[in-house]
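Here's the structure we're looking at; comments come further down.
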Amino acid sequence: MSAPAKPDAAAKPAGKPEGDAAPAAAAPAPAGGGGAKAWIPAIAALLLAPVATWGVVEFVLVPRLQKKLAAPAAEGDAHAEAAPAPAAAHGSSGGGGHGGGKGEKGKESGGAGYEFQNVVVNLAGTMGTRYLKTSFLVTGTDANIKGVFEGSKPKLTDVTLNVLSSLTLADLEEPGAKNVLREKLVTAYNQALGRKVAEQVYFSDFVIQ
């Protein structure tokens, strides 16, 4: 009768592996949690690296570069502001001497003048089929050349028409025709005024049709 009870005793040890398996299965959980925490510093470093780089560029490198670029510009402005001083001194010192005389002469000859605009004449020998249309400026050393010409405008307009209408088509086709015409106009104006007033003629329009 006691022999059948042995299988029950042998069955008890078989239950131990089941009890041991549960702790073994739960053991990896702490290892997994610890691995994730270990990556947190690396991830934070990757996220903060661009921010740190931007901060260095924005607040360190850029201000230094701006200072280096601003220094040569400031020096150039200082030289530019200081440069006109000698020129002004030179002009003022020469005002009462030889240099001042040249300046006044240049101003008179370059700035004074009288302009004839849109003068139209028939060319000689063309039976009215060809004409010249021109505009030009007469200059001279007389600072009041404009007033002189305006005071004698009717006479000088007639002189201009006579000189231009005496030209033929062949005259204008010759090399240097404009230079010859300049001399004729200057001579005619000075003769009409009785003194040397005109010196040069500058054409702004010269059309033959």
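Heads up, the sequence shown is in our numbering, so the first residue is 82 and it goes up one at a time.
Even for Gly, the Cβ is constructed at its ideal location relative to N, Cα and C.
* Could you have a look at Ala-193 and say whether DSSP puts it in helix, strand or coil? => coil
* Spatial distance of Ala-130 from Arg-145 (CA atoms) -> 22 Å
* How is the beta strand (DSSP E) around Asp-252 delimited, first residue to last? -> In the DSSP assignment, Asp-252 falls outside any beta strand (DSSP E) and within the unbroken alpha helix (DSSP H) covering 250 to 254.
* Asked: Whole beta strand (DSSP E) runs in the segment 201 to 237 with 3 or more residues, listed along the chain?
  -> Qualifying beta strand (DSSP E) stretches, in chain order: 212 to 220.
* Going by CA-CA distance only, name the one from Ser-285, Asn-203, Thr-222 and Ile-121 that's closest to Asn-271. => Thr-222
* For Tyr-283: DSSP bridge partner residues -> Tyr-283 pairs with Leu-218.
* For Thr-207 and Leu-274, the rounded distance between their alpha carbons -> 31 Å
* What three-state label does DSSP hand Gln-272 in the structure shown? -> helix
* Contact check, Leu-218 vs Glu-196, beta carbons under 8 Å -> Annotated as proximal: Leu-218 and Glu-196, with beta-carbon spacing under 8 Å.
* Using CA coordinates, which residue listed in Trp-120, Asn-203, Leu-242 and Asp-286 is at the minimum distance from Lys-259? -> Per the Cα distances, Asp-286.
* Please determine, among Ile-289, Arg-263, Gln-290 and Ala-126, the residue with the shortest C-alpha to C-alpha distance to Ala-279. => Arg-263
* To do: Sort Ile-289, Lys-265 and Val-267 by Cα distance to Ala-251 and report the nearest one.
  => The shortest Cα separation from Ala-251 among Ile-289, Lys-265 and Val-267 belongs to Ile-289.
* What whole-angstrom Cβ distance do Ala-193 and Lys-227 have, given they're in contact under 8 Å? -> 6 Å
* Using a Cβ-Cβ cut-off of 7 Å (strictly less than) and excluding sequence neighbours within five positions of Ser-246, which residues of its own chain qualify? -> Val-202, Asn-203 and Ala-205.
* Report the residue from Asn-243, Thr-249 and Thr-220 whose alpha carbon sits nearest the alpha carbon of Val-200. => It is Asn-243.
* Going by the CB atoms, is the gap between Thr-220 and Gln-281 shorter than 8 Å? -> yes
* Asked: Thinking just about the alpha-carbon of each residue, which of Ala-125, Thr-249 and Asn-225 is nearest to the one in Arg-211?
  -> Thr-249
* Which same chain residues, not among the five before or five after Glu-231, have their C-beta less than 8 Å away from its C-beta? -> Tyr-195
* To do: Measure the alpha-carbon distance for Ile-121 versus Leu-128 and round it to whole angstroms.
  => 11 Å
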